[in-house]
Amino acid sequence: MLVFFVYPVASILLLGVAPEGRPDLGALVAVLSRPFVLEVAWFTLWQAALSTLLTVLLALPGAYLFARFDFPAKRLISALAIVPFVLPTVVVASAFLALLGPRSPLNAWLAGLLGGESPLRLEHTIWAILLAHVFYNYAIVLRLVGGLWSQLDPRLEEAARMLGATRWQAFRQVTLPLLRPALASAASIVFLFTFTSFGVILLLGGPRFATLEVEIYRQTAQLLNLEVAAALSLLQMTALGALLLLYSRYQARLAVGLRLLPARSTARPPRSRRERLFVAANLAGMGILLGLPLAVLLERSLARPAGYGLGNYAALFAPERVSGLFVPPAEAIGNSLFFAALACALAVSLGLLASAAIAYRRGPLGHAFDALLMLPLGTSAVIVGFGFLVSLGRLPFDLRTSPLLIPLAHALLALPFVVRSVTPVMRSIDRRLREAAAVLGASPGRAWREVDLPIIGRAALVGAGFAFAVSLGEFGATVFIARPEAPTMPLAVFRLLGQPGELSFGMAMAMACLLMAVTAAAMLLIDRFRAGAVGQL
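Per this note's numbering, residue 768 is the first one in the sequence shown, and the count goes up by one each step.
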């Protein structure tokens, strides 16, 4: 944590406040007061606020649906609804390029229907960005708000209705105040992700739109202006710190003592025609919002000039397909799987050690260590990658060209997921079980293997699945530190989308579908292994 997180991030801070090796706040202020910096900061702020508002408004009916109604395949649909959230941002952007771009079958259908050019040309517009953000973060509101809503006593609203309140008044005056902590939590997470949005803006925004994340990448990778990038990083970290501080204070004010019920006891099948229509309309809306972009992505991956087929997938494994990728696309798939497996092993090994330190060593030091381990979750992956680029050449040996830097960065970003999956279970183990094993002659290592490990095994598998999925789709840090001859699948999709021609676009869609399939499989396995609240952040 000190070498691969604190030191790189501190190097960026130092570069921002002391570009010439000595403190110079005047230079920092001069950079931050440039008109283009203010424009980028303002766009970052308002698009995140609007994306958050749209996500909460569109996902609230779905949260109510899953909280209050039972319907066929509810558990499967709930598991599938979280898949968009864990998809790599490159896949999400590719899906919306396939849906809204000039090659979209929806555009072709509209053009044929209207007898001319399709009016639906939303690529490189703010609407494409907002739709992608809603698609990406819908599951956050669904899980956090719907989870609390499902445990609220429905008789509270019924009592208000009996006292003369309308359905809207009962919701506004009874249910909404009880949901505010969950709404604030979900909104803050959505705002955090949209404020630091990188892959979606980079691919869907085009040259017109840039968040602070994208501008940091452009200033570093394209303009080699490290001082400006460092100043932008400092601005972003300050804004995120202020956001988290305001959220913690607001959340403390919203804390309310609640009598929660088991979720099974509050849900029921829809009874009236109006309720059945509500359930059907919500499921149809979720299918369009969450399913249509992925369906079009799959359709585009199968489309060929001569008809549908697997030609785009076959081209990924053709040895002569090198072009601008520097390596065959099949090697990018192998690189991603290798880096993900290595990052998963590192994250789980370190996560088990960290969880033991937190669970077995209570007190201020354990709480401080727990907070330190969570910092990568709230830090931009672009800033982590930029920090590696700036700082890791000054160590006794230069790590910036090492291929091992990728799994190290991925393990660092995945570590909080492992710790949050394992620590609650490890804390729940009765220490008398270990003491009994010790009395019977077991060494500490054997007691851990035969007492702790079987209990935390499922939680460790959940953490491993999260780590594998995070590594497989990581793009923000990888774009800085990956060598040209060793791209990952997200980088390969990004490069293929930057090349002209139908074949390159089709190969990008096929690569994105493969990435989507592996990530979705990992998340469905996580949902299968999850026990109760284990593995939930």
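All C-beta atoms in this analysis are idealised placements derived from N, C-alpha and C, irrespective of residue type, glycine included.
- Inter-segment contact for the segment 939-952 and the segment 1054-1069 is absent: fewer than three beta-carbon pairs are separated by less than 8 Å.
- The alpha-carbon of E982 is positioned some 28 Å away from that of M1274.
- Judged by DSSP secondary structure, W1215 falls outside any alpha helix (DSSP H); it is assigned neither H nor E.
- Counting C-beta pairs closer than 8 Å gives three or more between the segment 804-818 and the segment 953-970, which meets the contact rule.
- With contacts defined by Cβ atoms closer than 8 Å, A848 and L909 form a contacting pair.
- Beta-carbon to beta-carbon, L1159 and P839 are separated by about 53 Å, too far to satisfy the 8 Å threshold.
- Per DSSP, the continuous alpha helix (DSSP H) segment holding F1184 begins and ends at 1172-1194.
- A residue is called buried when at least 16 other Cβ atoms come within 10 angstroms of its Cβ; S861 meets this threshold and is buried.
- Of R789, S1103, R1225, S1147, the smallest CA-CA separation from A1244 is found for S1147.
- Per DSSP, reduced to three states, the secondary structure at G931 is coil, with no helix or strand assignment.
- In this structure, the alpha-carbon of L824 lies about 25 Å from that of L970.
- Bounds of the alpha helix (DSSP H) holding D1137 are 1131-1141.
- Residues G913, W916, S917 of the same chain have their beta carbon placed closer than 6 Å to that of A834, with the five preceding and five following residues left out of the count.
- DSSP places F976 outside both helix and strand once states are collapsed to three, so it counts as coil.
- Taking all protein chains shown into account, S1000 has 16 or more neighbouring C-beta atoms within 10 Å of its C-beta and is therefore buried.
- In the structure shown, F1272 falls within a helical segment according to DSSP collapsed to helix, strand and coil.
- Taken atom to atom, the span from the alpha-carbon of F1153 to that of L832 is near 42 Å.
- Per DSSP, reduced to three states, the secondary structure at G1265 is coil, with no helix or strand assignment.
- Take the alpha-carbon of T942 and the one of A1047: they are about 23 Å apart.
- Per DSSP, G1058 is not a residue of any alpha helix (DSSP H), being assigned neither H nor E.
- Counting only the Cα atoms, D1165 lies some 29 Å from A1097.
- The C-beta distance from V850 to Y903 rounds to 11 Å, too long to fall under 8 Å, and the pair is not in contact.
- As computed with DSSP, G1074 is found in a beta bridge with R1071.
- The shortest C-alpha to C-alpha distance from L821 to any of G973, H891, I907, A797 is the one to I907.
- Approximately 7 Å separates the beta-carbon atoms of A1124 and G1133; this is inside 8 Å, confirming the contact.
- Here DSSP, grouped into helix, strand and coil, assigns F1153 to helix.
- When the beta-carbon positions are compared, A895 and L867 come within less than 8 Å of each other.
- Here L1258 is buried. Its C-beta has 16 or more other C-beta atoms within 10 Å.
- In this structure, G1232 is the residue among F863, L959, G1232 with its C-alpha nearest to the C-alpha of A1107.
- According to the DSSP assignment, R835 belongs to the alpha helix (DSSP H) that extends over 802-835.
- By the Cβ test, the segment 1247-1256 is not in contact with the segment 1183-1198, since fewer than three Cβ pairs between them sit closer than 8 Å.
- The segment 1071-1083 and the segment 1269-1287 touch, with three or more beta-carbon pairs separated by less than 8 Å.
- The beta carbon of T819 sits closer than 7 Å to those of A954, V957, F958, T961, all from its chain and outside the five residues before and after it, given in chain order.
- DSSP lists no beta-bridge partner residue for R1128.
- Annotated as distal: V1206 and L1140, with beta-carbon spacing of 8 Å or more.
- The segment 1169-1182 makes contact with the segment 1224-1239: 3 or more CB pairs, one atom from each, lie closer than 8 Å.
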